[in-house]
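J.: Dumping the structure here so I can ask a few things about it.
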Amino acid sequence: MSTHRSSAAEPWPGWAPSREAQAAYGEHLVRIAEMIPTLLRMFASDRQGLAAAHEGRRQDLIDSHVRIVALDCRDDLLETAAVLDALALCHGSGSYLPRPYQQVAGQSPAPGVELRTDASDVADQNLRHDRHHGTSKTGDIPPALEDGCTDTQRDAVRAYVRREWLASQAEFAD
Numbered sequence: 001m002s003t004h005r006s007s008a009a010e011p012w013p014g015w016a017p018s019r020e021a022q023a024a025y026g027e028h029l030v031r032i033a034e035m036i037p038t039l040l041r042m043f044a045s046d047r048q049g050l051a052a053a054h055e056g057r058r059q060d061l062i063d064s065h066v067r068i069v070a071l072d073c074r075d076d077l078l079e080t081a082a083v084l085d086a087l088a089l090c091h092g093s094g095s096y097l098p099r100p101y102q103q104v105a106g107q108s109p110a111p112g113v114e115l116r117t118d119a120s121d122v123a124d125q126n127l128r129h130d131r132h133h134g135t136s137k138t139g140d141i142p143p144a145l146e147d148g149c150t151d152t153q154r155d156a157v158r159a160y161v162r163r164e165w166l167a168s169q170a171e172f173a174d
């Protein structure tokens, strides 16, 4: 177990966030750093639990687990989108992969470009969820991403997730 204590200057051991990440998330960057291992453990644990219920032919556990997953979907999307966005901000600015993206054998995109693209794709999923279920806390939902979308549109969905995540943190502080 790590003895590292997260701070705004060093949320993960040996890693300093970019100014863009600090400007976007401020004091909440530490909370995002703390969420990363929790999210990874949670997703692994959820999959193991569901697989065990399936192998044991426990339909009652499967049904219960699916209901819980559905209820937590928006929070999970929002937290994952915020984590990916913060990590993408730390890799600097740049372009996104085109939509739709066709991977060419033997070629892989730069990690920062792929991370920014993933951040905007998860942010888009959160935005679509909020639009469909009316769960936005801040309103002003940008258009969903479509094939051929621009970098500006991808930036807008990430900015939306930042506002939503910061609003959710302010809600917990009250």
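For the sequence shown, the residue numbers in our numbering are 1 to 174. Here a beta-carbon is modelled for each residue, glycine too, at the ideal position from N, C-alpha and C.
Specify, as a first and last residue, the run of the alpha helix (DSSP H) that Gly112 falls within.
T.: Start and end: 111 to 133.
J.: Starting from the Cα of Gly148, find the closest Cα among His91, Tyr96, Ser136, Leu29 and give me that residue.
T.: The candidate whose alpha carbon is nearest that of Gly148 is Tyr96.
J.: Would the region 112 to 123 count as touching the region 84 to 98 if we require 3 or more Cβ pairs under 8 Å?
T.: Output reads yes: the region 84 to 98 touches the region 112 to 123.
J.: Tyr25 lies in the alpha helix (DSSP H); which residues open and close that run?
T.: Tyr25 -> alpha helix (DSSP H) spans 19 to 25.
J.: Can you name the start and end residues of the alpha helix (DSSP H) that Asp140 belongs to?
T.: No alpha helix (DSSP H) holds Asp140; DSSP gives it neither H nor E.
J.: Just curious, the alpha helix (DSSP H) that Glu146 is in, first and last residue?
T.: Here Glu146 belongs to no alpha helix (DSSP H), and DSSP marks it neither H nor E.
J.: Helix, strand or coil for Gln153? Go by DSSP, reduced to three states.
T.: Gln153: helix per DSSP, three-state reduction.
J.: Can the beta-carbon of Arg74 be found less than 8 Å from the beta-carbon of His129?
T.: Cβ distance < 8 Å, so Arg74 and His129 count as in contact.
J.: With a CB to CB cut of under 6 Å and the five nearest residues on each side skipped, what residues in its chain are close to Arg116?
T.: Within the same chain, Arg116 has close Cβ partners Ala88, Tyr96.
J.: So, under 8 Å CB-CB, Tyr25 and Ile32 are touching, yes? Tell me the CB distance rounded to an integer number of Å.
T.: Rounded, the Cβ-Cβ distance is 6 Å, consistent with contact.
J.: Since Leu194 contacts Ile68 with CB under 8 Å, what's their CB separation in whole angstroms?
T.: No answer is possible for residue 194: it lies beyond the span of the chain, which begins at 1 and ends at 174.
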